[in-house]
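Per our numbering, the sequence shown starts with residue 14, numbered consecutively. Report on the structure given below.
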Amino acid sequence: MIVGVIGSGSIGPDLAYGFVSALAGDPESRVYLHDIRQEALDAGAARIKGYVAKGVSRGKLSPKVAAAIEKLLVPTLELVDLADCDYVLEAATEDLKIKKVILGNLEQVVGDDCLIGFATSGLPRAQIAAGTKRPQRCFVNHPFFPAWRALPIEVVLSDDETCSERMLATLKKLGKVPVVTADVPCFAADDIFCNYCAEAARIHVEGLATVEQVDRIVNEAIGGGGPFNVMDLTRGNLLNVKCLKLMEEAETGSPWFAPPEVFSTQANTPWLDHENPGESAYHEALGKTVLDRILAVLLGRTYFVVDRGICDPADLNWLTRNALGFASGLLDLAEELGAERVREICTAYAEANPGYEVPTSIAGGKLADFRRNVKLERDGELAVVTIHRPEVLNALDERTMNELTAVFAELRSDDEVAGVVLTSYGGSLAGADINELAVLKTPEAAADKCRRGHRILRGIETFEKPVVAAVNGPVLGGGAELSMACHARVVGPGLMLGQPEVNLGIIPGYGGTQRLPRLVGVERAADMLRTGRTINAAKARAWGWATGEPAADPVAAAGDLIRRHLSGGGAIVPLDPAPMAVPAQLPAVDIVHRSLAIDRILSDVVLAGLRQDLQKGLETEAQGFARCKRTVDYGIGMTNFIQNGPRVPAVFMHE
């Protein structure tokens with residue numbers, strides 16, 4: 014893939030660094046960073062080199078990957094160098110006239126199939142693309158801070174379905190998670206964020222609270238770092254002015270949206286003086302007054318977006334947490350407060366602030382009802398169930414597991430669904446949520462968590478219609494176990510399959526000790542289970558874990574597999590739950606630093622469980638997981654993972 018980024022100012026180099034990082038494994042790719050000023054280009058290239066050096070020094074990047082990143086980056090003063098680009102993202106300006114000039118010049122250079130994105134915080138796509146030669150290939154691509162690392166990117170699509178699908182696929186390949194919005198001023202996130210900042214500024218200008226007090230009140234209550242802190246990080250004062258004016262002048266606008274004058278006078282001067290900070294302490298009454306005003310704006314604008322269909326509720330909830338940085342999604346926050354409390358907050362604010370609109374949902378006491386982490390789509394007679402937690406590689410927390418249960422219950426009674434593809438965003442499936450495992454208080458609680466997982470996965474395994482997992486990338490722990498509960502598995506070429514639980518001082522708890530040996534054989538499974546070793550797509554296919562050759566599009570391949578099966582092809586063979594013949598003891602393996610105590614439990618569970626049918630073997634696994642909870646090494650492994658991450662080996666006591 015050949016990509017161009019126009020503008021080497023505040024955001025362009027960060028976007029270029031994110032793109033070269035995503036493409037580092039493809040030596041044929043290139044990322045051009047273009048600017049018309051040499052000093053800006055030099056500064057942008059230097060910033061990227063600094064990011065690379067920091068990544069290497071912290072062990073986040075290998076020298077090999079760092080070299081690949083630097084090789085892929087091509088700074089250039091010449092727009093013509095972008096001629097062969099598959100995608101160009103303009104990130105030079107928020108000025109509509111200048112954007113249109115850049116677009117006109119770019120269209121003279123790039124090919125007809127080149128996709129063109131605009132990194133704008135509020136300008137509607139229709140205004141930017143008006144009068145262009147090929148408006149169907151022009152899109153809003155609104156990134157978030159820090160642009161090199163932030164996953165979300167708001168996208169306004171064109172009316173060309175093929176171009177739009179290519180745009181979404183391109184952004185995913187470049188490491189982003191697209192969130193589709195309607196083509197309205199400021200889209201979804203900046204409608205919420207800029208009005209939030211404006212209310213914070215009004216509170217300060219009125220003398221009600223200092224900027225430090227506002228930030229502390231807000232951050233302690235709902236996270237996000239505080240509005241003034243974020244405005245300083247993003248140098249967002251003048252951008253707020255532009256966005257608020259767009260909303261004020263829109264059909265749904267009113268004088269309430271008028272930008273506070275202080276944004277213009279403050280300009281790029283930071284709000285916070287970290288060397289001489291102002292007073293941040295506050296009393297309870299002040300905290301409530303400030304927070305109620307902030308919540309009225311945040312929740313009111315969030316529900317404006319929902320009620321107007323500007324963004325899907327699940328996507329918006331995810332966006333407000335992962336782009337705006339709040340501790341929970343704003344729709345989750347509304348649910349926590351309750352419909353009556355939200356209505357009270359917003360109604361009181363509206364009485365004091367003419368022009369502020371109380372959304373219909375809030376006025377009617379009806380909050381949004383939606384699944385947070387699991388999406389359901391239809392592809393003819395097939396259902397496609399997608400786990401969507403990309404920020405944690407789609408880890409399986411309790412909410413996700415419960416939503417899976419609800420979705421499969423819905424599909425079981427749907428006569429129009431003949432089969433199910435179970436997948437995840439990007440294909441990766443991390444294990445169970447480690448934070449949930451770490452807080453289990455007793456061995457019995459640990460066993461019960463396993464049993465709940467077993468019931469959910471057995472519900473999939475015994476589903477009357479064929480269920481095929483479509484996975485790619487890291488598929489680990491509980492993600493691998495979920496895949497094995499499906500009737501077949503189709504994998505992508507990037508599969509990295511493993512059961513790394515022993516690295517955390519535990520054994521698999523969602524069926525891995527019982528299903529993996531039944532799929533790949535006892536000796537191979539025991540080696541993977543006891544060492545945490547991973548295998549790739551080719552080996553997963555050769556060992557019988559995966560069906561068919563690795564597919565570039567596992568979801569499409571899984572759908573094809575189900576259709577062949579339904580037409581009598583007989584391609585799907587569910588797992589045999591019968592007892593297995595097993596040796597008296599497992600072959601010796603070198604477990605290196607891992608816990609001897611956990612290894613003994615794991616070996617016992619594998620051998621004893623496989624001598625029984627699957628259902629009884631799963632109960633043996635649950636009891637084995639409870640035994641792990643009784644060990645010292647359980648706590649050591651959990652603490653090490655949470656504090657140091659998966660790359661730092663735990664120092665086990667073997668007891």
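All residues carry an ideal CB built from backbone N, CA and C; glycine is no exception.
> At which residues does the beta strand (DSSP E) containing VAL481 begin and terminate?
Replying inline: Walking along the sequence shown from the start, residue 481 turns up at place 468. Taken as a continuous stretch (DSSP letters only), the beta strand (DSSP E) holding VAL481 covers 480-484.
> In three-state terms, what does DSSP make of PRO272?
Replying inline: Along the sequence shown, one-based indexing puts residue 272 at 259. PRO272 falls in the coil class under three-state DSSP.
>> If distances are taken between C-alpha atoms only, which option among VAL480, LEU517, GLY444 and THR399 comes closest to GLY466?
In response: Working through the sequence shown from its first residue, we reach residue 466 at position 453. Among VAL480, LEU517, GLY444 and THR399, the Cα nearest to that of GLY466 is on GLY444.
> From this set, THR373, TRP331, LYS379 and GLU394, which residue's C-alpha is nearest ARG402's C-alpha?
Replying inline: Here residue 402 corresponds to residue number 389 of the sequence shown, with the count starting at 1. Among THR373, TRP331, LYS379 and GLU394, the Cα nearest to that of ARG402 is on TRP331.
>> Quick check: what's the CA-CA separation for SER267 versus CYS210?
In response: Counting from one through the sequence shown, the residue named residue 267 turns up at place 254. Counting from one through the sequence shown, the residue named residue 210 turns up at place 197. When rounded, the distance between both Cα atoms is 17 Å.
> What separation, rounded to the nearest whole angstrom, lies between the Cα atoms of ILE604 and ASP612?
Replying inline: Position 591 of the sequence shown holds residue 604. Position 599 of the sequence shown holds residue 612. For ILE604 and ASP612, the distance between alpha carbons rounds to 8 Å.
> Grouping DSSP H, G and I as helix and E and B as strand, with all else coil, what is PRO156?
Replying inline: Locating residue 156 in the sequence shown gives position 143, counting from the first residue. Strand at PRO156.
> In chain order, what residues of the same chain have a beta carbon less than 7 Å from the beta carbon of HIS155, not counting five sequence neighbours either side?
Replying inline: Along the sequence shown, read from residue 1 onward, the residue named residue 155 stands at position 142. Annotation for HIS155: ALA132, THR133, SER134, ILE166, GLU167 and PHE200 place their beta carbon closer than 7 Å to its own, counting only its chain and skipping 5 residues before and after.
> Where ASN289 and GLY338 are concerned, what is the direct C-alpha to C-alpha distance, given to the nearest angstrom?
Replying inline: What you label residue 289 is simply residue 276 of the sequence shown in a count that begins at 1. What you label residue 338 is simply residue 325 of the sequence shown in a count that begins at 1. Taking the straight line joining both Cα atoms gives about 26 Å.
> Touching or not, the region 216-227 and the region 254-261, by the rule of three or more beta carbon pairs under 8 Å?
Replying inline: No contact exists between the region 216-227 and the region 254-261.
> Name the DSSP beta bridge partners of LYS388, please?
Replying inline: Numbered from 1 along the sequence shown, position 375 holds the residue referred to as residue 388. In DSSP, LYS388 forms a bridge with THR399.
> Roughly how many angstroms lie between the CA atoms of MET593 and ARG531, to the nearest whole one?
Replying inline: Looking up residue 593 in the sequence shown gives position 580. Looking up residue 531 in the sequence shown gives position 518. About 8 Å.
>> For the alpha helix (DSSP H) containing ALA639, name the first residue and the last one.
In response: Sequence index remark: in the sequence shown, residue 639 carries index 626 (1-based). That run of the alpha helix (DSSP H) goes 627-642.
> Over what stretch of residues does the alpha helix (DSSP H) that includes ASN242 continue unbroken?
Replying inline: Taking the first residue of the sequence shown as 1, we reach residue 242 at position 229. Counting along the chain, the alpha helix (DSSP H) containing ASN242 begins and ends at 240-247.
> What residue from ASP196, LEU187 and ASN250 has the CA that sits closest to GLU212's CA?
Replying inline: Within the sequence shown, residue 212 is the residue found at index 199, counting from 1. Of the listed residues, the one whose Cα sits closest to GLU212 is ASN250.
> For GLY63, which of TRP161, ASP125 and ALA584 has the nearest alpha-carbon?
Replying inline: As a first step, residue 63 must be located in the sequence shown, where it is residue number 50. For the residues TRP161, ASP125 and ALA584, the minimum Cα distance to GLY63 belongs to TRP161.
> So, do the region 371-391 and the region 317-326 have three or more beta carbon pairs nearer to each other than 8 Å?
Replying inline: The answer is yes - the region 317-326 touches the region 371-391, with three or more Cβ pairs under 8 Å.
>> Could you check whether THR560 and MET509 sit closer than 8 Å to each other, using their CB atoms as the reference points?
In response: On the sequence shown, residue 509 is found 496 positions in, with the first residue counted as 1. On the sequence shown, residue 560 is found 547 positions in, with the first residue counted as 1. Contact annotation: MET509 and THR560 have beta-carbon atoms that are not nearer than 8 Å.
> Could you give the distance in angstroms between the alpha-carbon of THR526 and the alpha-carbon of ALA460?
Replying inline: Within the sequence shown, numbered from 1, the residue matching residue 526 stands at position 513. Within the sequence shown, numbered from 1, the residue matching residue 460 stands at position 447. When rounded, the distance between both Cα atoms is 14 Å.
>> Tell me which residue opens and which closes the beta strand (DSSP E) that ASN549 is part of.
In response: The residue labelled residue 549 in the question sits at position 536 within the sequence shown. Per DSSP, the continuous beta strand (DSSP E) segment holding ASN549 begins and ends at 547-549.
> When you compare only the Cα positions, how much space is there between SER616 and GLN625?
Replying inline: Here residue 616 corresponds to residue number 603 of the sequence shown, with the count starting at 1. Here residue 625 corresponds to residue number 612 of the sequence shown, with the count starting at 1. Between SER616 and GLN625, the C-alpha separation is close to 15 Å.
>> Based on DSSP bridge pairs, tell me the residues matched to GLY511.
In response: Position 498 of the sequence shown, counted from the start, is the residue given in the question as residue 511. LEU489 and THR547, per the DSSP bridge assignment.
> Just reading off the beta strand (DSSP E) that ILE129 is part of, what are its end residues?
Replying inline: Position 116 of the sequence shown holds residue 129. Boundaries of the beta strand (DSSP E) harbouring ILE129: 128-131, taken from the DSSP string.
> Quick one: what does DSSP say THR175 is sitting in, helix, strand or coil?
Replying inline: The sequence position of residue 175 within the sequence shown is 162, counting from 1. Of the three classes helix, strand and coil, the one that applies to THR175 here is helix, per DSSP.
> Does DSSP put PHE317 in a helix, a strand or coil?
Replying inline: Locating residue 317 in the sequence shown gives position 304, counting from the first residue. Secondary structure at PHE317: helix, using DSSP grouped into helix, strand and coil.
> Thinking just about the alpha-carbon of each residue, which of PHE476, ASP203 and ILE400 is nearest to the one in VAL568?
Replying inline: Along the sequence shown, one-based indexing puts residue 568 at 555. VAL568 has its Cα closest to that of ILE400, out of PHE476, ASP203 and ILE400.
>> Quick check on the burial criterion: 16 or more other C-beta atoms within 10 angstroms. Buried or exposed for GLN636?
In response: Here residue 636 is taken as the residue at index 623 of the sequence shown, counted from 1. So GLN636 counts as buried.
> Is it the case that the Cβ atoms of ILE375 and ARG354 are separated by a distance below 8 Å?
Replying inline: The residue given as residue 375 occupies position 362 in the sequence shown. The residue given as residue 354 occupies position 341 in the sequence shown. Remark: C-beta atoms of ILE375 and ARG354 do not approach each other more closely than 8 Å.
>> Restricting to Cα atoms, I'd like to know which of PHE270, LYS185, ARG314 and ALA365 is closest to SER441.
In response: Within the sequence shown, the letter at position 428 stands for residue 441. Minimum Cα distance to SER441 is reached at LYS185.
> Looking only at DSSP bridge pairs, what is GLY17 linked to?
Replying inline: Mapped onto the sequence shown, residue 17 falls at position 4. Beta-bridge annotation (DSSP): GLY17 is paired with TYR45 and VAL101.
> Roughly how far, in whole angstroms, is the beta-carbon of CYS127 from the beta-carbon of CYS98, given that I think they are within contact range, below 8 Å?
Replying inline: Here residue 127 is taken as the residue at index 114 of the sequence shown, counted from 1. Here residue 98 is taken as the residue at index 85 of the sequence shown, counted from 1. Contact between CYS127 and CYS98 holds: CB atoms are separated by about 5 Å, below the 8 Å threshold.
>> By alpha-carbon positions, which one of GLU394, SER496 and PHE383 ends up nearest to ALA408?
In response: Within the sequence shown, the letter at position 395 stands for residue 408. Answer by Cα proximity: SER496.
> Which term fits ARG502, buried or exposed, when burial requires 16 or more other beta carbons within 10 angstroms of its beta carbon?
Replying inline: Position 489 of the sequence shown holds residue 502. When all chains shown are included, ARG502 counts as buried.
> In terms of residue numbering, what span does the alpha helix (DSSP H) encompassing ALA451 cover?
Replying inline: Residue 451 sits at position 438 when you count from the first residue of the sequence shown. Per DSSP, ALA451 belongs to the alpha helix (DSSP H) from 447-451.
> Going straight from the alpha carbon of PRO198 to that of VAL515, what length do you get?
Replying inline: Here residue 198 is taken as the residue at index 185 of the sequence shown, counted from 1. Here residue 515 is taken as the residue at index 502 of the sequence shown, counted from 1. The C-alpha of PRO198 lies about 51 Å from the C-alpha of VAL515.
> Between the region 363-375 and the region 259-274, do three or more beta carbon pairs fall short of 8 Å?
Replying inline: Here the region 363-375 lies against the region 259-274, with 3 or more beta-carbon pairs under 8 Å apart.
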